[in-house]
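Start counting the sequence shown at 1; every next residue gets the next number (the UniProt record's numbering).
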Amino acid sequence: MTLAAIRSTALGHGLVALLVEADGPGVIAVPVSAREGITLSAPDVAPRPTWPDMVAGLGDVLGGRAEQVLLDVDADARLCASVVLARGAGEEPRRTTVACAPSDGLLLAQALSLPITASEALLRLRQVDLDSEDLCDRLAAWRAELAHATASDAAGS
């Protein structure tokens, strides 16, 4: 999954991070706070939280590292997330998952350049319907807006 954009919800009650499936049509909306949205949408401009570096440092001290962020749904179909930690050397390190808030997982993935993976259950239950022509048009407009914002940000630097 790749972060495509940060947008307000249809009802205007918050923000969501839109993640696009790398090799497919899947789009997932992950609720984020205003601060998280700013950090995720402008990582080079917004103040970066310090806790992801602390997590990486703790992993180093304990002989491990964060490998990826997994997005999933729990038994009640609520969005959940975990970080996969690998410990040990060799071809088969021991892997452990640690639960986290989905938005925290996104921040950690961005800060440490970790891949984000969505479970099949999440894609099946919570995927944004891209068959809707209106949504396809909006997603295309968001991508164009994001590309324009990124280009104008780079020109202003």
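Using N, Cα and C, we set each Cβ at its ideal position, and we do this for glycine too.
8 Å Cβ cutoff met for residue i and residue j
i: I116; j: L85; result: no
i: T2; j: V27; result: no
i: A81; j: V69; result: yes
i: A29; j: V16; result: yes
i: P47; j: Q110; result: no
i: R87; j: G64; result: yes
i: S119; j: E36; result: no
i: T39; j: P31; result: no
i: L107; j: P52; result: yes
i: E67; j: L114; result: yes
i: R143; j: A4; result: yes
i: V73; j: C100; result: no
Secondary structure, beta strand (DSSP E): runs of 3+ residues fully inside the UniProt domain "BFN" (1-130): 2-8, 15-20, 27-32, 64-73, 79-87, 94-100 and 116-118
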